[in-house]
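For reference, each letter of the sequence shown is one residue, going 1461 to 1863 in my numbering.
Scroll down for the structure; my scribbles are underneath it.
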Amino acid sequence: MKKALSLAIAAVLAFSLTACGNSGSTAPESSAAPESSAAAESVAEPESSEAAAETTEAGNDALKIAIVSSPSGVDDGSFNEDNYNGILSFIGKHPSSTVTPVKEPTGDTAAAVQAVADIVADYDVIVCCGFQFAGITQVAQDNPDVAFILVDAFPADAEGQDTEVDNIYAMQFKEQESGFFAGMAAALETKSNKVAVVNGIAYPSNVNYQYGFECGVKYVNETDGKSVEIVELPSYAGTDVTGVNVGGNYIGSFADAATGKVVGNALIDEGVDIMFVAAGDSGNGVFTAAKEAEGVYVIGCDVDQYDDGANGDANVILTSGLKVMSTNVDKALETIADGSFEGGNVTLGADTDSTGYVSASGRCQLSADTITKLDAAYEKVKAGDIVPAANFNGITPDDFTVE
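Following this line, the structure appears as structure tokens:
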């Protein structure tokens, strides 16, 4: 099953965008080099293998870092930018280090790997953002003195199966936990008792968000005696990478804001007043639908999207489900700098403060009672007492039980 799943994922990932919304904001100011295309000549000079070896063995406080993303770049206001911010945080503490953003514009998996291969000789560290980079295994093995940080994927071997590589630190996240908190927030705050989750494509990370959301709503219904309905549009049901119908509301693209608005409006017409949106640029259309409606809120994902919700003097963002990539990228870079770097595959969640939700004053519109209940549930998720369903963790939303 694992091999079949890996092959299925490899077959469908013809392109990849971020899981969640696009703010259209600019990247944070820094001394970083301007973003280049994958075909552009690198601004950094290659270093010798002896010097590169010092990067992972003895440590190196002056790292040459590249961040490779596709196709929305490091100023997408969401997934890629959060990874970039982790690098900028590291550089703030190690000003001799530099970063060069490289954008592979097609999103094609083969092109993504080639973009990494084209620049590998020029850098000490390459940060790869997205599951389209799972195929960098051979590139990494051919360049053992370069450290790789792979986000949202594990490296795959020639047969498409997950593998571990000595110089790749790969991190995935338990999106179902962030989805769970989003579902709780929606169920606790809804006035119409109708909520929904809107996704881009039924890739595992998106299905994780959906399943987690559904579990969060179920949890509130059972613990608070509510009867909140999760609204699904049958014509937008998703099919995951193994061909299973997972239901939900899938736009079918991460780059179709027009259809996103259609789906958002259709859900609003059904009485939905809170929507959790994990749909990349397509989510912008859902945001627009919410802004044009009365009393409708959106829950952002991956990063704090409160600024994206601005609507005149009001704001449509209720809260945001978080996947904390920046902190973990920063930590990984620190291990490279101090010489303690080790490759390996990790799945990060609440137990490492890597998933969560926005509850800060001025950045959400949650009631104090809702925040209290979310905080209590967070501790249970962190301790493993609550385990939300995920695409491939053996639990479905129907199986999820409230102890």
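For each residue, glycine too, the CB sits at the ideal point set by N, CA and C.
Please check the pair Ala1797 and His1554, which I expect to be a contact at CB under 8 Å, by giving their CB distance rounded to whole angstroms.
Beta-carbon to beta-carbon, Ala1797 and His1554 are separated by about 6 Å, close enough to satisfy the 8 Å threshold.
Within 10 angstroms of its Cβ, does Ala1750 collect 16 or more other Cβ (buried), or is it exposed?
If you draw a 10 Å sphere on the C-beta of Ala1750, you find 16 or more other C-beta atoms in it, and that means buried.
Closest by CA to Ser1556, which one among Ala1645, Val1562 and Leu1548?
Leu1548
Inter-residue CB distance, Gly1809 and Leu1782 (contact presumed, cutoff 8 Å):
Gly1809 to Leu1782, Cβ: 11 Å. No contact.
Which residues in the same chain as Gly1707 place their Cβ atom closer than 6 Å to its Cβ, once the five residues preceding and following it in sequence are excluded?
Excluding positions up to five away in sequence, the list reads Glu1692 and Ala1697.
Tell me Asp1617's beta-bridge partners as DSSP assigns them.
In DSSP, Asp1617 forms no bridge with anything.
Report, in whole angstroms, the separation of the C-beta atoms of Gln1601 and Gly1639, which I expect to be a contact under 8 Å.
Contact flag wrong, Cβ pair sits at about 35 Å.
Contacts around Ala1575, its chain only, beta-carbon distance under 8 Å, and the 5 residues preceding and following it disregarded
Ala1498, Val1528, Ser1530, Val1562 and Glu1564
Which residues in the same chain have their Cβ closer than 7 Å to the Cβ of Pro1506, if we skip the five residues on either side of it in sequence?
Because the pLDDT of Pro1506 is 32, which lies under 50, any placement of that residue in the model is unreliable, and the number read from its coordinates should be weighed accordingly. These residues qualify, in order along the chain: Ala1581 and Asp1582.
Between which two residues does the alpha helix (DSSP H) holding Ile1759 run?
Unbroken run through Ile1759 is the beta strand (DSSP E), Tyr1757 to Asp1762; no alpha helix (DSSP H).
Distance check for Leu1610 and Val1573, CA to CA, integer angstroms please.
Approximately 12 Å, taken between the alpha carbons.
With 16 other Cβ atoms within 10 Å as the buried cut-off, status of Val1677:
buried
Tell me the DSSP secondary structure of Gly1809 in three-state form.
coil
Please name the residue in Val1701, Asp1578, Val1585 and Gly1567 whose C-alpha comes closest to that of Ala1592.
Just to set this straight, residue 1592 is Gln in the shown sequence, not Ala. Looking at the Cα atoms, Gly1567 is the closest of the given residues.
Check whether the Cβ atoms of Gly1643 and Ala1616 lie closer than 8 Å to each other.
For Gly1643 and Ala1616, no; Cβs fall outside 8 Å.
So, is Lys1721 buried or exposed, given that buried needs 16 or more other C-beta atoms within 10 angstroms?
buried
Do Tyr1838 and Phe1641 count as a contact pair if the criterion is CB distance below 8 Å?
Cβ atoms of Phe1641 and Tyr1838: closer than 8 Å.
How many whole angstroms separate the CB atoms of Val1862 and Glu1682, which I take to be in contact at a CB cut-off of 8 Å?
Yes, Val1862 and Glu1682 are in contact; Cβ-Cβ is about 4 Å, under 8 Å.
Leu1727 beta carbon less than 8 Å from that of Thr1779:
no
What runs of the beta strand (DSSP E), each 3 residues or longer, lie entirely inside the stretch 1720-1779?
1734-1738 and 1757-1762
Taking 7 Å as the line, does the beta carbon of Leu1782 fall inside it for any heavy atom of the ligand NAP?
Absent from the structure shown: the ligand NAP. Ligands present: none.
Along the chain, which unbroken stretches of the alpha helix (DSSP H) at least 4 residues long are found entirely within the stretch 1532-1562?
1539-1553
Would you list the one or two residues that DSSP bridges to Gln1632?
Thr1807
Quick test of your reading: Gln1632 and Asp1612, contact by CB under 8 Å. State the CB separation rounded to the nearest angstrom.
6 Å
Burial state of Ser1538 (16 or more Cβ within 10 Å)
buried
Whole angstroms are fine: how far does the CA of Asp1764 sit from the CA of Val1723?
23 Å
With a cut-off of 8 Å on the beta carbons, I'd call Ala1738 and Asn1666 a contact; round off their distance for me.
6 Å
Give the straight-line distance between the Cα atoms of Asp1733 and Ile1846, rounded to the nearest whole angstrom.
26 Å
Within the stretch 1619-1696, ranges of the alpha helix (DSSP H) (whole runs, at least 4 residues)
1635-1649 and 1664-1684
Check this for me: beta carbons of Val1701 and Tyr1663, under 8 Å apart or not?
yes
Taking only three categories from DSSP, how would you classify Leu1793?
helix
CA-to-CA distance, Asp1768 to Asp1882, given in whole angstroms:
Summary: the structure shown does not reach residue 1882, with the chain confined to residues 1461 through 1863, and so no result is reported for it.
Proximal residues to Ala1774 (C-beta, below 7 Å), its chain only, five neighbours per side dropped
none
Rounded C-alpha distance that separates Cys1824 from Asn1851:
A straight line joining the alpha-carbon of Cys1824 with that of Asn1851 spans about 28 Å.
How far does the beta strand (DSSP E) with Leu1610 in it extend, from its first residue to its last?
Ala1607 to Val1611
When the distance is taken between beta carbons, is Val1599 closer than 8 Å to Leu1648?
no
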